[in-house]
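J.: In the order they appear, the protein sequences are chains A and B. Every letter in the first sequence is one number past the one before it in the working numbering, and letter 132, counting from 1, is 132. Every letter in the second sequence is one number past the one before it in the working numbering, and letter 32, counting from 1, is 269.
Protein chains: 2
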Amino acid sequence: MTKTTANTDCTECMLAKQCVPSGLPLKDLFHLNSAVNTNNIFEAESVIFRQNTTATHLYIVKTGVFKTQRIINDTEHVDNFFLPGEFIGLDSIAGGVYANTAVAIERSLVCKIEYRQLAALRKRFPGLSDLSVKTYSNALAAASEQQNTITLQCASARLASFLVSYNKRASLHQQVNTGFNLPMTRQDIASHLGLAAETISRSFSKLSNSGAISKEGRRVNILDAAILQEHVMEPPR
Amino acid sequence: MTKTTANTDCTECMLAKQCVPSGLPLKDLFHLNSAVNTNNIFEAESVIFRQNTTATHLYIVKTGVFKTQRIINDTEHVDNFFLPGEFIGLDSIAGGVYANTAVAIERSLVCKIEYRQLAALRKRFPGLSDLSVKTYSNALAAASEQQNTITLQCASARLASFLVSYNKRASLHQQVNTGFNLPMTRQDIASHLGLAAETISRSFSKLSNSGAISKEGRRVNILDAAILQEHVMEPPR
DNA sequence: CGCGGTATTGAGCACCATCAAATCTGGTGG
DNA sequence: CCACCAGATTTGATGGTGCTCAATACCGCG
Chain A
1 MTKTTANTDC
11 TECMLAKQCV
21 PSGLPLKDLF
31 HLNSAVNTNN
41 IFEAESVIFR
51 QNTTATHLYI
61 VKTGVFKTQR
71 IINDTEHVDN
81 FFLPGEFIGL
91 DSIAGGVYAN
101 TAVAIERSLV
111 CKIEYRQLAA
121 LRKRFPGLSD
131 LSVKTYSNAL
141 AAASEQQNTI
151 TLQCASARLA
161 SFLVSYNKRA
171 SLHQQVNTGF
181 NLPMTRQDIA
191 SHLGLAAETI
201 SRSFSKLSNS
211 GAISKEGRRV
221 NILDAAILQE
231 HVMEPPR
Chain B
238 MTKTTANTDC
248 TECMLAKQCV
258 PSGLPLKDLF
268 HLNSAVNTNN
278 IFEAESVIFR
288 QNTTATHLYI
298 VKTGVFKTQR
308 IINDTEHVDN
318 FFLPGEFIGL
328 DSIAGGVYAN
338 TAVAIERSLV
348 CKIEYRQLAA
358 LRKRFPGLSD
368 LSVKTYSNAL
378 AAASEQQNTI
388 TLQCASARLA
398 SFLVSYNKRA
408 SLHQQVNTGF
418 NLPMTRQDIA
428 SHLGLAAETI
438 SRSFSKLSNS
448 GAISKEGRRV
458 NILDAAILQE
468 HVMEPPR
């Protein structure tokens with residue numbers, strides 16, 4: 001399930017600027033390389049960790065997409081999606097067990113590091129401590145944002161808001177922006193947004209008909225950001 | 238608006254065990270006392286900070302209750318409530334500006350500390366760094382939990398879930414548990430849960446009629462936790 | 001080419017939002 | 001102490017959004 005290729009040095013990583021390496025001085029990067037396990041391959045559908053198992057590692061997405069999901073009332077609910085440069089497992093450090101199950105949506109690469117080793121590094125390199133706070137603060141802000149998306153709006157507005165946010169995240173680490181891929185199923189999106197899959201489908205059609213987006217299968221293109229924003233604003237609620 | 242009484246030493250604070258003081262050794266606590274501004278009084282309705290203003294301080298609720306709210310699409314939405322022992326402003330450290338407005342719901346006391354001073358203390362006392370990570374991790378986990386509450390369930394289930402969670406938080410810092418107070422308006426609860434105020438009212442009646450809770454005004458008593466849990470489980474969705 | 005899972009589209013209905021009115025509450029001033 | 005008022009809460013009636021069930025269309029894969 002988890003094959004490990006030859007470790008690629010953190011100094012060579014494209015994501016280093018916004019990842020753990022940015023927290024410590026160049027000359028000390030070798031300390032990190034011994035702690036981080038890079039380029040773990042996960043095939044589509046394979047699981048990084050399972051809900052309620054002992055939480056030990058933090059994961060960073062290098063390529064690909066993951067989702068976290070949890071069982072509530074005997075039904076699975078998709079908590080979140082994780083794109084390259086994003087951290088999986090931040091919420092489980094304090095609790096001792098993973099709060100949800102992390103699954104690869106497509107073939108993906110992740111780096112991993114033990115919570116304990118990260119804590120030890122923080123003690124030696126204060127810059128890492130600042131980076132942790134910053135990372136967490138951003139994650140919390142994103143969570144609030146998401147909550148607003150989900151709470152406030154009607155179905156098509158929620159989807160529009162989700163697309164705007166997803167597009168922003170996806171285009172952070174790529175130059176050209178010729179649309180983006182939504183590798184997850186409609187059902188996953190529906191679960192994440194608290195809607196039915198059919199409603200997602202209808203909302204996609206609505207956004208498409210209004211000229212805000214175009215879609216072919218799971219590939220989406222934002223044609224008119226202004227129109228899309230109007231959908232986000234749409235009442236009721 | 239913000240009167241400051243004589244500082245009460247952090248060593249004497251009831252909440253010290255789960256607050257910032259727990260992050261550093263007893264002998265160094267005096268460093269904290271000079272950085273923390275304790276016992277700031279906020280009357281009901283008064284504002285700690287406003288959305289989009291420069292973010293400088295972290296706040297810790299000592300007594301009372303606060304809410305954070307933000308303007309979205311020209312309507313106010315309640316992000317969260319904050320009870321004694323909880324931190325306000327964690328999500329705004331990285332962004333530079335407060336992501337929402339914090340308002341006292343009843344007469345309350347808070348301590349405050351500058352982000353910068355806290356960062357400086359973290360560098361000197363590694364224990365504070367661990368505490369920060371733990372605090373943030375818990376906050377993130379709580380946010381996910383909340384998202385599930387909001388996303389998943391029908392109206393009465395959402396309210397039931399909210400009550401269970403709120404009761405747990407409120408009873409953390411008090412011995413006897415003879416019901417609890419909900420000092421916020423129904424409208425606030427409604428906004429937080431993404432429902433209409435009338436729906437909250439009806440859901441309260443439903444929970445009450447089933448024998449799960451009793452209520453008189455804003456005071457709520459959980460009569461039968463098992464029945465309440467059944468409401469949380471309730472389909473549809 | 002045929003199969004299984006995913007996505008879309010359609011019809012009917014339930015839940016909740018909205019509007020409206022009545023009741024309750026707390027606070028103020030007579 | 002009581003009358004009064006504004007805001008909050010509850011209760012009622014109605015309509016719309018989105019869920020459910022069902023059928024069809026689409027896609028990837030053997």
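For every residue, glycine included, the Cβ atom is placed at its ideal position computed from N, Cα and C.
Near A:Ser-129, which residues of its chain fall below 6 Å by C-beta distance, leaving aside the five closest residues on each side in sequence?
T.: Counting from one through the first sequence, the residue named residue 129 of chain A turns up at place 129. For A:Ser-129, where only same-chain residues beyond five positions count, the Cβ hits under 6 Å are Arg-122.
J.: Does A:Arg-122 get closer than 8 Å to chain B when you measure Cβ to Cβ?
T.: The sequence position of residue 122 of chain A within the first sequence is 122, counting from 1. A:Arg-122 counts as touching chain B.
J.: Who are B:Phe-417's beta bridge partners in DSSP?
T.: Here the question's residue 417 of chain B lines up with position 180 in the second sequence. In DSSP, B:Phe-417 forms a bridge with B:Val-457.
J.: Applying the criterion that 16 or more other CB atoms from any shown protein chain within 10 Å of the CB defines a buried residue, is A:Ser-205 buried or exposed?
T.: Position 205 of the first sequence, counting from 1, holds the residue named residue 205 of chain A. When all chains shown are included, A:Ser-205 counts as exposed.
J.: Select from the stretch 135-159 of chain A all residues with a C-beta closer than 7 Å to any C-beta belonging to chain B, and list them in chain order.
T.: So the list reads Tyr-136, Ser-137, Asn-138, Ala-139, Leu-140, Ala-141, Ala-143, Ser-144, Gln-146, Gln-147, Asn-148, Ile-150, Thr-151, Leu-152, given in the order they occur along the chain.
J.: Of all Cβ atoms in chain A, is any one closer than 8 Å to the Cβ of B:Ile-309?
T.: Numbered from 1 along the second sequence, position 72 holds the residue referred to as residue 309 of chain B. With 8 Å as the cut-off, B:Ile-309 counts as an interface residue toward chain A.
J.: In angstroms, rounded to a whole number, what distance separates the CA positions of B:Asp-425 and B:Ala-433?
T.: Within the second sequence, numbered from 1, the residue matching residue 425 of chain B stands at position 188. Within the second sequence, numbered from 1, the residue matching residue 433 of chain B stands at position 196. Rounded to the nearest angstrom, the two C-alpha atoms are 10 Å apart.
J.: Quick one: does A:Thr-4 have its CB under 8 Å from some CB of chain B?
T.: As a position in the first sequence, residue 4 of chain A is number 4, starting the count at 1. With a pLDDT of only 42 at A:Thr-4, under the threshold of 50, the placement of this residue in the model should not be trusted, and no figure is reported.
J.: Any beta carbon from chain A within less than 8 Å of B:Ile-330's own beta carbon?
T.: The residue you call residue 330 of chain B lines up with position 93 of the second sequence. Closer than 8 Å to some Cβ of chain A, the Cβ of B:Ile-330 qualifies, so yes.
J.: B:Gln-288 and B:Ile-331 - do their beta-carbons sit closer together than 8 Å?
T.: Taking the first residue of the second sequence as 1, we reach residue 331 of chain B at position 94. Taking the first residue of the second sequence as 1, we reach residue 288 of chain B at position 51. Note that residue 331 of chain B is Ala in the sequence shown, not Ile. No; because the gap between Cβ atoms is not below 8 Å, this pair is not in contact.
J.: Any idea if A:Val-97 is buried or exposed, counting beta-carbon neighbours within 10 angstroms, 16 or more meaning buried?
T.: In the first sequence, the residue the question calls residue 97 of chain A occupies position 97. So A:Val-97 ends up on the exposed side.
J.: What are the start and end residues of each continuous beta strand (DSSP E) run of 3 or more residues lying completely inside the stretch 106-157 of chain A, in chain order?
T.: List check, beta strand (DSSP E) in window: 108-114.
J.: Any residues in the stretch 97-129 of chain A with a beta carbon nearer than 7 Å to a beta carbon of chain B? Which ones, in chain order?
T.: Against chain B - using a Cβ distance shorter than 7 Å - the residues of the stretch 97-129 of chain A are Ala-99, Ala-119, Arg-122, Lys-123, Pro-126, Ser-129.
J.: Alpha carbon to alpha carbon, what distance is there between A:His-173 and A:Phe-180?
T.: Here residue 180 of chain A is taken as the residue at index 180 of the first sequence, counted from 1. Here residue 173 of chain A is taken as the residue at index 173 of the first sequence, counted from 1. Distance between the alpha carbons of A:Phe-180 and A:His-173 is about 12 Å.
J.: Helix, strand or coil for B:Asp-316? Go by DSSP, reduced to three states.
T.: Here residue 316 of chain B refers to the residue found at position 79 when the second sequence is read from its first residue. Looking at B:Asp-316 - three-state DSSP - the assignment turns out to be strand.
J.: As an exercise, report each continuous beta strand (DSSP E) stretch of at least 3 residues that is fully enclosed by the stretch 251-322 of chain B, in chain order.
T.: As far as the stretch 251-322 of chain B is concerned, its whole beta strand (DSSP E) runs of at least 3 residues are 274-279, 284-286, 294-300, 303-309, 312-319.
J.: Spatial neighbours of A:Gly-127 within its chain, please: CB distance less than 6 Å, with the 5 preceding and 5 following residues excluded, ordered by chain position.
T.: What you label residue 127 of chain A is simply residue 127 of the first sequence in a count that begins at 1. The answer, listed in chain order, is Gly-23, Leu-24.
J.: Whose Cβ in chain A lies nearer than 8 Å to the Cβ of B:Gly-431?
T.: For the purposes of this step, residue 431 of chain B is taken as the residue at position 194 of the second sequence. The contacting residues are Ile-150, Thr-151, Leu-152, Arg-237.
J.: From which residue to which residue does the alpha helix (DSSP H) around A:Ala-225 run?
T.: If you number the first sequence from 1, residue 225 of chain A lands on position 225. Unbroken alpha helix (DSSP H) run through A:Ala-225: 225-233.
J.: Taking C-alpha atoms, which residue in B:His-294, B:Lys-299, B:Ala-380 lies nearest to B:Gly-322?
T.: Numbered from 1 along the second sequence, position 85 holds the residue referred to as residue 322 of chain B. The candidate whose alpha carbon is nearest that of B:Gly-322 is B:Lys-299.
J.: Measure the beta-carbon distance from B:Gly-431 to A:Leu-140 and round it to whole angstroms, keeping in mind my assumption that it falls under 8 Å.
T.: Here residue 431 of chain B refers to the residue found at position 194 when the second sequence is read from its first residue. Here residue 140 of chain A refers to the residue found at position 140 when the first sequence is read from its first residue. B:Gly-431 to A:Leu-140, Cβ: 19 Å. No contact.
J.: For B:Thr-436, which three-state DSSP category applies?
T.: Along the second sequence, read from residue 1 onward, the residue named residue 436 of chain B stands at position 199. Helix, per DSSP.
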